[in-house]
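*Asks:* In this text, residue positions in the sequence shown follow the working numbering: the first is 1, and each later residue adds one. We put the CB at the ideal spot given by N, CA and C, even for glycine.
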Amino acid sequence: MKKLNRDFYNRDTLLVAKELLGKVLVHKIDGKKVSGRIVEVEAYRGTLDKAAHSYSGKVTPRTEVMYGKPGVAYVYFIYGMYYCFNIVTREEGMPEAILVRALEAVEGLDYMVYNRYKKPYESLTKYQIKNLSNGPGKLCSAMGIDKGLNKEDLCGDRLYIEEGLDNNFSIKTAKRVGIDYAEEARDYLWRFYIDANPNVSVK
């Protein structure tokens, strides 16, 4: 499948977020290809978005990647436990990004399962199968994404996004998750997901 180029990411963040649905996130690890179909995302619109790390133009060692070129990974650590994978959008100096919230496993399922649960797929419960990659921390664990991939160029050959094969789906719009602190921004309908997909984190 065709890899997304930088021009894809260098556009309005809400548009890019919607168009990421159905695309396939790929991580090449030790010669193996692990991939998952993007089924849920959240858009964060920079300096005017109180839920964004770059709100009010803050530049820190963590957020500086958001001010750089589009099509780059922004990976950060939360709660002392989980990594979150984001995609920088817009032109340089416009610190906007998209959080990938959930994936549907496509390739490398055994690898993803071992990463998450340290045991073979055959031994999983239905609950564990459902929860393999239906959340930002879960998908990073399954896909082997950690802080070492922060600032990774998504137009390269290690971590990137491909065109999907199935674009025949409806898109649902909703409030973003876990941002009650963000005042009016908590009500923005900037979460997008594939309707009826069982891998979505919050329906």
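What residues in its chain sit with their C-beta under 7 Å from that of Arg37, if we drop five residues either side in the sequence?
*Replies:* By one-based count along the sequence shown, residue 37 stands at place 37. Once the five neighbours on either side are set aside, the close Cβ partners of Arg37 are Gly22, Val24, Leu103, Glu104, Val106 and Gly164.
*Asks:* Quick one: Cα of Val88 to Cα of Ala97, how far?
*Replies:* If you number the sequence shown from 1, residue 88 lands on position 88. If you number the sequence shown from 1, residue 97 lands on position 97. For Val88 and Ala97, the distance between alpha carbons rounds to 4 Å.
*Asks:* In or out: Ala138 buried (at least 16 other Cβ within 10 Å) or exposed?
*Replies:* For the purposes of this step, residue 138 is taken as the residue at position 138 of the sequence shown. Rather than Ala, the amino acid found at residue 138 in this sequence is Lys. When all chains shown are included, Lys138 counts as buried.
*Asks:* Helix, strand or coil, according to DSSP, for Lys3 in the structure here?
*Replies:* Numbered from its first residue, the sequence shown carries residue 3 at position 3. Strand, per DSSP.
*Asks:* Beta carbon of Val65, beta carbon of Lys147: below 8 Å?
*Replies:* Translated into positions along the sequence shown, residue 65 becomes position 65. Translated into positions along the sequence shown, residue 147 becomes position 147. No. Outside cutoff.
*Asks:* Under 8 Å, do Val72 and Leu14 count as touching if we go by C-beta distance?
*Replies:* Your numbering for residue 72 matches position 72 in the sequence shown. Your numbering for residue 14 matches position 14 in the sequence shown. Contact flag unset, no.
*Asks:* Tell me which residue opens and which closes the alpha helix (DSSP H) that Ala114 is part of.
*Replies:* Residue numbering aside, residue 114 sits at position 114 when the sequence shown is read from its first letter. Before going on, a small fix: residue 114 reads as Tyr here, not Ala. It spans Leu109 to Tyr117 - the alpha helix (DSSP H) in which Tyr114 sits, taken as one unbroken run.
*Asks:* Of all the options Asp30, Ser35, Pro198 and Lys18, which has the alpha carbon lying nearest to the alpha carbon of Lys3?
*Replies:* Here residue 3 is taken as the residue at index 3 of the sequence shown, counted from 1. With distances taken between Cα atoms, Lys3 lies closest to Ser35.
*Asks:* Leaving out five residues on either side along the sequence, give the residues of the same chain with a beta carbon under 8 Å from the beta carbon of Asp157.
*Replies:* On the sequence shown, residue 157 is found 157 positions in, with the first residue counted as 1. Cβ within range, chain order: Lys28.
*Asks:* How far does the alpha helix (DSSP H) with Cys155 in it reach, from first residue to last?
*Replies:* Counted from its first residue, the sequence shown places residue 155 at position 155. Where Cys155 is concerned, there is no enclosing alpha helix (DSSP H), given that its DSSP letter is neither H nor E.
*Asks:* Excluding the 5 residues preceding and the 5 following Arg45 in the sequence, name in chain order all residues of the same chain whose CB lies nearer than 7 Å to its CB.
*Replies:* Within the sequence shown, numbered from 1, the residue matching residue 45 stands at position 45. So the qualifying residues of the chain are Thr13, Ala52 and Glu96.
*Asks:* Rounded to whole angstroms, what is the Cα-Cα separation between Met1 and Thr125?
*Replies:* Position 1 of the sequence shown, counted from the first residue, corresponds to residue 1. Position 125 of the sequence shown, counted from the first residue, corresponds to residue 125. Looking at the two C-alpha atoms, the distance is approximately 32 Å.
*Asks:* Rank Asn150, Val113 and Tyr111 by C-alpha distance to the C-alpha of Pro230 and give the top, closest one.
*Replies:* Because the chain is modelled from 1 through 203, residue 230 falls outside the range shown and cannot be assessed.
*Asks:* Starting from the Cα of Asn86, find the closest Cα among Val202, Leu109, Gly135 and Ala174 and give me that residue.
*Replies:* On the sequence shown, position 86 is the one that residue 86 refers to. Checked all of Val202, Leu109, Gly135 and Ala174; the closest Cα to Asn86 is Gly135.
*Asks:* Can you tell me which of Asp187, Ala196, Ala185 and Val26 puts its alpha carbon nearest to the alpha carbon of Val100?
*Replies:* As a working mapping, residue 100 is identified with position 100 in the sequence shown. Closest option to Val100, Cα to Cα, is Val26.
*Asks:* Quick one: what's got a C-beta closer than 7 Å to Tyr117's C-beta in the same chain, skipping five residues either side?
*Replies:* Position 117 of the sequence shown, counted from the first residue, corresponds to residue 117. Cβ within range, chain order: Leu124 and Gln128.
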